[in-house]
Ligand code: ATP
């Protein structure tokens, strides 16, 4: 392998830049020419490549977002689109690809590498932490820290006014951010897509809290929660339980931004390094993960076929600690 391309795809996540830096620096250390592909698979199709010498990744380890930009690209889901992408790769003389993204990104990588025999390694960069084959994804820790900072601030005003806050956090299909940030933020309840929301028991829990002289209550709601989301549930609770002044805060995209935490920078650095080393050792068609604090490879086809198992113990801890 003489020339490796790297791209970021799908939703952006803090720590992607730290990962790009690690990939580029490791490649250059081993005398490989490094090339960036702009805007994910769209850049492959549109022929948007940039050279990545070592200085191109200076001063980015601390920056959120991705210097390579990211995009969702429908054309890559078609055979014609992928053929165009392959021709461009060939014209550039790129021998292998490293893709940083979520399971959609890996689905694209898997089919592309099978069709055209291109060695690919996937690196999990997504705030959702729902990928099979890794304990953590790049960006999850930073997103959690942004959420708990917001919850702490909301708690101050909630306690001063005797308020009940519903805080909506990201997680369309998985409630992992809600669970972690809900525990870390001392929330009274956590509503997630993996569990059915029972309004009755939520209200009795809030009423119990009020009886136990809680001055405020915070309910963390994952955006993919199944009974209609934070606004709808807040309306329903407001109608039936008027002890608190009830408010809703939707955190939205602030959860994706910001400087990555130490944990995410180190995770990104380890994964970026390991991805290049893997290609040099003829490992391909795999997603790199961290399992029990060690780098671990999972076949891309397996990584995209399932999600990480739901952590029942964490849900139990959240319930016990919120009495
Ligand atoms: P996140 O879930 O964090 O947003 P993701 O990688 O899952 O990240 P997607 O938008 O699902 O984000 O996928 C990123 C891109 O991967 C898509 O825009 C598309 O170009 C490509 N892709 C996804 N699924 C496929 C597929 N089945 N075949 C080919 N390409 C795909």
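Numbering (UniProt numbering), first residue to last: 5 to 327. Even glycine gets a Cβ: it sits at the ideal position worked out from N, Cα and C. All of these numbers come straight from a predicted model, not from anything done at the bench.
Task: Where residue 159 falls, given that 16 or more other Cβ within 10 Å makes a residue buried - done: buried
Open item on the list: Quick check: what's the CA-CA separation for residue 304 versus residue 81?
Closed with: 17 angstroms
Open item on the list: Given a cut-off of 8 angstroms on the beta-carbon distance, is the pair residue 143 and residue 130 in contact?
Closed with: yes
- [ ] Helix, strand or coil for residue 9, going by three-state DSSP, please let me know.
- [x] strand
Task: Alpha-carbon spacing of residue 228 relative to residue 307, whole angstroms - done: 22 angstroms
Task: Nearest neighbour of residue 203, chosen from 98, 41 and 239 [CA to CA] - done: 239
Task: Any non-hydrogen atom of the ligand ATP closer than 7 angstroms to residue 277 Cβ - done: no
Open item on the list: Using a Cβ-based criterion (distance less than 7 angstroms to any ligand heavy atom), does residue 109 qualify as near the ligand ATP?
Closed with: yes
Open item on the list: I need the boundaries of the beta strand (DSSP E) containing residue 152, first residue and last residue.
Closed with: Unbroken run through residue 152 is the alpha helix (DSSP H), 144-165; no beta strand (DSSP E).
Open item on the list: For the ligand ATP, I want to know if residue 13 counts as a neighbour, meaning its beta carbon is within less than 7 angstroms of at least one of the ligand's heavy atoms.
Closed with: yes
Open item on the list: Let's see if you can read the secondary structure: which residues bound the beta strand (DSSP E) around residue 290?
Closed with: 290-295
Open item on the list: What I want to know is whether the C-beta of residue 23 ends up closer than 7 angstroms to one or more non-hydrogen atoms of the ligand ATP.
Closed with: no
Open item on the list: So, under 8 angstroms CB-CB, residue 27 and residue 276 are touching, yes? Tell me the CB distance rounded to an integer number of Å.
Closed with: 4 angstroms
TODO: Measure the C-alpha to C-alpha separation of residue 287 and residue 99 and round it to an integer number of angstroms.
DONE: 13 angstroms
Task: Residue(s) in a DSSP beta bridge with residue 59 - done: According to DSSP, residue 59 bridges with nothing at all.
- [ ] Flag this pair as yes or no: are the beta carbons of residue 188 and residue 148 separated by less than 8 angstroms?
- [x] yes
Open item on the list: Using C-beta distances below 8 angstroms, list every residue in its chain close to residue 58, excluding the 5 sequence neighbours before and after it, in chain order.
Closed with: 28, 29 and 32
Open item on the list: Can you tell me where the alpha helix (DSSP H) holding residue 119 begins and where it ends?
Closed with: 107-120
Open item on the list: Restricting to Cα atoms, I'd like to know which of 150, 92, 224 and 79 is closest to residue 201.
Closed with: 224
- [ ] Taking 8 angstroms as the threshold, find out whether the stretch 103-110 comes into contact with the stretch 5-21 through three or more Cβ pairs.
- [x] yes
- [ ] State the Cα-Cα distance for the pair residue 268 and residue 128, rounded to the nearest angstrom.
- [x] 11 angstroms
- [ ] Could you please give the first and the last residue of the uninterrupted beta strand (DSSP E) stretch that includes residue 98?
- [x] That residue, residue 98, is in no beta strand (DSSP E); it is neither H nor E in DSSP.
Task: 8 angstroms Cβ cutoff met for residue 74 and residue 16 - done: yes
Open item on the list: Quick test of your reading: residue 145 and residue 70, contact by CB under 8 angstroms. State the CB separation rounded to the nearest angstrom.
Closed with: Actually they are not in contact, since the Cβ atoms of residue 145 and residue 70 sit about 17 angstroms apart, beyond 8 angstroms.
Task: Test item: CB-CB of residue 19 and residue 272 under 8 angstroms - done: yes
Task: Boundaries (first-last residue) of the beta strand (DSSP E) holding residue 253 - done: 249-254
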